[in-house]
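Only one structure is covered here, and it is reproduced in the block below.
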Amino acid sequence: MSSKVIVTIFGASGDLAKRKLYPSLFRLYKSGNLSKHFAVIGTARRPWSKEYFESVVVEAIADLADSPEQAQEFASHFYYQSHDVQDTEHYIELRKLQNQLNEQYQAEHNKLFFLSMAPQFFGTIAKHLKSENIVDGKGFERLIVEKPFGTDLATASQLNEELLAAFDEEQIFRIDHYLGKEMIQSIFAIRFANLLFENIWNRDYIDNVQITFAEKLGVEERGGYYDQSGALRDMVQNHTLQLLSLLAMDKPKSFSKEDIRAEKVKVFERLVQPDKDDFIRGQYKSGTVKGKKYISYRSEPNVNPDSMTETFASGAFFVNSERFRDVPFFFRTGKRLTEKGTLVNIVFKQMESIFGEELAPNVLTIHIQPTEGFSLSMNGKEVGERFSLAPLSLDYRTDATASGASPDPYEKLIFDVLNNDSTNFSHWDEVRSSWELIDQIEELWRSNEVPLHEYPVGSMGPDASFELLREFGADWQWSPNK
Ligand code: NAD
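Written out as structure tokens, the structure reads:
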């Protein structure tokens, strides 16, 4: 890994930079993954001084530093450049600073650019980085872009073309922060390091897969953005389909980024055309939970009072592969649900019983957040003289506080970029295929052939999402509302 690098963050005064990027860079510094040969250029519109920027960084890492001296030493690597991304002059200044810091820190011309800004600016930044010779072909040059990557296939393709004018696909790292989460990465271990699962991870043994991304919060202050996006684009096109690809892929030849990507891309290419009856959309209405009143989605600030945007999406994807043909991959994601939780349930097929009583199917649950770990539900014998069956669970879980030991996804992902490892990022082939599919669902929804169901706050979404599973002879395994 090269820890010699100049990192330029576009959007350095923003929320993401303060909450995630500075703490993650600090953890990498503390663990020795970034050493004395690194500097960070922060750019944003505000006219900050270096001193003020350093104080922002120190504040962002206050809880992580061992001493004020350590925090200050780290912050001394940060430089600020007031910058309007549309203004060519500013890139000339940026190049001067980049070159100066490269000399000062002996960074061997290695450059990392993190676009932590609204995506409408990504194209213009890439174009200027190239035209103003900041991207000069010396050292490594890598670009990290935040989500969302387009709002449909057309805008995503256009954005991709704009980035390709300055960077190759191999240099572009599209962040999906869920891919940096510890338990998502441990799917590889669970699947491919255990004979027990490796041999039964297919349509002969798995009845269905259930992916839930539930949020308890509403749209908060993001109403303006969310109303243009909705749950399908915000959560399904990226996180849900990426997770699905890890669950559905065949065993890669090796753990290399090339082999893993090849298998993931095959899953995306084999996703079956959506059937309108298999996808449900919903929107939360006003209501009271535990005595507290909540407004409806349409009454949220910056949301169109007649909005048809979904705050809940659910459905069944199918992958046309030998391994998983006809096995439904159910998903649901939404806001103002009962409880926050991201998890996957792998529901195995029901066995024929010799005991005269029905057997519950085995279920492997992968808990992604806020708890991390996995559990396996089994049928055991009830303690006592008589023989009867009782459910039991093998559980390996850490709670949210204990999982502080897991690296933050951004720390892990920046580490990967420094290592030139794109395994945990979305490749353009994956992004293109996922938008192709999502565009088709959006089209069905826009034609209003699929109703927009209302659902009560504090529920797990509209009844239609439960009915959908019943049509396949299944039930949602995780029912925090019960
Ligand atoms: P933010 O609004 O807090 O910050 C935006 C930054 O861009 C600010 O530093 C601002 O000064 C800068 N900026 C805006 N216009 C500019 C211009 N013309 N020239 C120069 N700088 C300009 O946004 P954020 O929450 O930090 O999010 C940044 C990106 O990350 C967005 O793409 C967002 O979708 C994505 N994202 C954010 C989060 C999060 O938790 N905040 C999570 C996932 C993805």
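Position one of the sequence shown corresponds to residue 676 (our numbering), numbered consecutively onward.
The C-beta atom is built at its ideal place from N, Cα and C for all residues, glycine as well.
Task: Chain-ordered list of residues that sit, by beta carbon, closer than 7 Å to a heavy atom of the ligand NAD - done: F685, G686, A687, S688, G689, D690, L691, A692, R694, K695, T718, A719, R720, R721, H758, D759, V760, Q761, S791, M792, A793, P794, F796, E821, K822, P823 and H852
Task: For Y1158, three-class secondary structure by DSSP - done: Residue 1158 cannot be examined here, being either before or after the span of the chain that is shown, 676 to 1157.
Open item on the list: Taking a contact to mean a Cβ-Cβ separation below 9 Å, would you say H758 touches L769 in this structure?
Closed with: Numbered from its first residue, the sequence shown carries residue 758 at position 83. Numbered from its first residue, the sequence shown carries residue 769 at position 94. Yes, the Cβ-Cβ distance between H758 and L769 is below 9 Å.
- [ ] Could you please give me the residues that DSSP links to R1072 through a beta bridge?
- [x] As a position in the sequence shown, residue 1072 is number 397, starting the count at 1. According to DSSP, which records beta bridges pairwise, R1072 is partnered with G1048.
Open item on the list: Our contact map puts P976 next to G898 with C-beta atoms below 8 Å; I'd like the distance itself, whole angstroms only.
Closed with: As a first step, residue 976 must be located in the sequence shown, where it is residue number 301. As a first step, residue 898 must be located in the sequence shown, where it is residue number 223. P976 to G898, Cβ: 5 Å. Contact.
- [ ] Please confirm if E1124 has its CB atom under 9 Å from at least one CB of chain D.
- [x] Absent from the structure: chain D. Only one protein chain is present.
Open item on the list: One question on the structure: do A831 and A801 come within less than 9 Å of each other, judged by their Cβ atoms?
Closed with: Counting from 1 along the sequence shown, the entry for residue 831 is found at position 156. Counting from 1 along the sequence shown, the entry for residue 801 is found at position 126. No, the pair does not count as a contact, with Cβ atoms beyond the cut-off.
- [ ] Give me the Cα-Cα distance between R817 and S1101, rounded to the nearest whole angstrom.
- [x] Residue numbering aside, residue 817 sits at position 142 when the sequence shown is read from its first letter. Residue numbering aside, residue 1101 sits at position 426 when the sequence shown is read from its first letter. Each residue's Cα considered, the two are about 14 Å apart.
- [ ] Specify the secondary structure class of G1055 as computed by DSSP and reduced to three states.
- [x] Residue 1055 sits at position 380 when you count from the first residue of the sequence shown. Looking at G1055 - three-state DSSP - the assignment turns out to be strand.
Open item on the list: When you compare the CB positions of G962 and P1131, do they come within less than 9 Å of one another, or not?
Closed with: The residue you call residue 962 lines up with position 287 of the sequence shown. The residue you call residue 1131 lines up with position 456 of the sequence shown. Yes; because the gap between Cβ atoms is below 9 Å, this pair is in contact.
TODO: Please state if the CB of A988 and the CB of M910 are separated by a distance shorter than 9 Å.
DONE: Numbered from its first residue, the sequence shown carries residue 910 at position 235. Numbered from its first residue, the sequence shown carries residue 988 at position 313. Cβ atoms of M910 and A988: closer than 9 Å.
TODO: Determine the contact status of T1040 and Q1152, defining contact as a CB-CB distance below 9 Å.
DONE: For the purposes of this step, residue 1040 is taken as the residue at position 365 of the sequence shown. For the purposes of this step, residue 1152 is taken as the residue at position 477 of the sequence shown. Yes. Within cutoff.
Task: Distance CB(L854)-CB(S791) smaller than 9 Å - done: The count along the sequence shown starts at 1 and reaches residue 854 at position 179. The count along the sequence shown starts at 1 and reaches residue 791 at position 116. Contact: no.
Open item on the list: In the DSSP assignment, the alpha helix (DSSP H) including L1144 goes from what residue to what residue?
Closed with: Counting from one through the sequence shown, the residue named residue 1144 turns up at place 469. From DSSP, the alpha helix (DSSP H) with L1144 extends over D1138 to E1146.
TODO: Taking 9 Å as the cut-off, decide whether the C-beta atoms of E1105 and L916 are in contact.
DONE: Here the question's residue 1105 lines up with position 430 in the sequence shown. Here the question's residue 916 lines up with position 241 in the sequence shown. Yes, Cβ-Cβ distance for E1105 and L916 is below 9 Å.
Open item on the list: Taking only three categories from DSSP, how would you classify D882?
Closed with: Within the sequence shown, numbered from 1, the residue matching residue 882 stands at position 207. If DSSP states are grouped into helix, strand and coil, D882 belongs with the strands.
Task: Nearest-angstrom Cα separation, counted from N1094 out to S688 - done: Here residue 688 refers to the residue found at position 13 of the sequence shown. Here residue 1094 refers to the residue found at position 419 of the sequence shown. Roughly 26 Å between the two C-alpha positions.
Task: DSSP beta-bridge partners of I865 - done: In the sequence shown, residue 865 corresponds to position 190, counting from 1. Answer is none; I865 lacks a bridge partner.
TODO: Please state whether DSSP places K968 in a helix, a strand or coil.
DONE: Here residue 968 refers to the residue found at position 293 when the sequence shown is read from its first residue. Three-state result, K968: strand.
Task: DSSP bridge partner residues for H784 (one or two, in chain order) - done: Taking the first residue of the sequence shown as position 1, residue 784 is located at position 109. Note: H784 sits in no beta bridge, so no partner.
- [ ] Please confirm whether K822 and N913 have their CB atoms less than 9 Å apart.
- [x] The sequence position of residue 822 within the sequence shown is 147, counting from 1. The sequence position of residue 913 within the sequence shown is 238, counting from 1. Yes.
Open item on the list: Less than 9 Å between the beta carbons of T1017 and T887, yes or no?
Closed with: Position 342 of the sequence shown, counted from the start, is the residue given in the question as residue 1017. Position 212 of the sequence shown, counted from the start, is the residue given in the question as residue 887. Yes.
Open item on the list: Per the DSSP calculation, S989 is bridged to which residue(s)?
Closed with: Taking the sequence shown and counting its residues from 1, one reaches residue 989 at position 314. Beta-bridge pairing links S989 to I955 and R1007.
- [ ] To the nearest angstrom, report how far apart E778 and Y969 are at their CA atoms.
- [x] Indexing the sequence shown from 1 puts residue 778 at position 103. Indexing the sequence shown from 1 puts residue 969 at position 294. Roughly 56 Å between the two C-alpha positions.
- [ ] Would you check if the region 865-883 and the region 997-1005 touch, i.e. whether three or more CB-CB distances between them fall below 8 Å?
- [x] yes
- [ ] Find the nearest neighbour of P794 within the set S710, N808 and G686, judged by alpha-carbon distance.
- [x] Residue mapping note: residue 794 aligns to position 119 of the sequence shown, counting from 1. It is G686.
Task: Proximal residues to K813 (C-beta, below 7 Å), its chain only, five neighbours per side dropped - done: The sequence position of residue 813 within the sequence shown is 138, counting from 1. Once the five neighbours on either side are set aside, the close Cβ partners of K813 are H784.
Task: For F701, the three-state DSSP class (helix, strand or coil) - done: By 1-based counting over the sequence shown, the position of residue 701 is 26. Here F701 sits in helix by DSSP.
Task: Assigned exposure category for M1026 - 16 Cβ within 10 Å defines buried - done: Residue mapping note: residue 1026 aligns to position 351 of the sequence shown, counting from 1. When all chains shown are included, M1026 counts as exposed.
Task: Cutoff 7 Å; reference F1090; Cβ partners in own chain excluding five residues on either side - done: In the sequence shown, the residue the question calls residue 1090 occupies position 415. Closer than 7 Å at the Cβ level, and outside the excluded window around F1090, lie L703 and N708.
TODO: Ignore the nearest five residues each way along the sequence and tell me which others in F1141's own chain have a CB closer than 7 Å to its CB.
DONE: In the sequence shown, counting from the first residue as 1, residue 1141 sits at position 466. Cβ neighbours of F1141 beyond the five flanking positions: W1151.
Task: Reduced DSSP category for G717 - H, G, I as helix; E, B as strand; rest coil - done: Numbered from its first residue, the sequence shown carries residue 717 at position 42. In this structure, G717 counts as strand in the three-state DSSP scheme.
TODO: Apply the 10 Å Cβ neighbour rule to Q885 and answer buried if 16 or more other Cβ atoms are within range, or exposed otherwise.
DONE: Residue mapping note: residue 885 aligns to position 210 of the sequence shown, counting from 1. That one is buried.
Task: Alpha-carbon to alpha-carbon, G1055 and L919 - done: Locating residue 919 in the sequence shown gives position 244, where the first residue counts as 1. Locating residue 1055 in the sequence shown gives position 380, where the first residue counts as 1. Those two C-alpha atoms are separated by around 30 Å.
TODO: Ignore the nearest five residues each way along the sequence and tell me which others in A1139's own chain have a CB closer than 6 Å to its CB.
DONE: Counting from one through the sequence shown, the residue named residue 1139 turns up at place 464. Once the five neighbours on either side are set aside, the close Cβ partners of A1139 are I955 and H1128.
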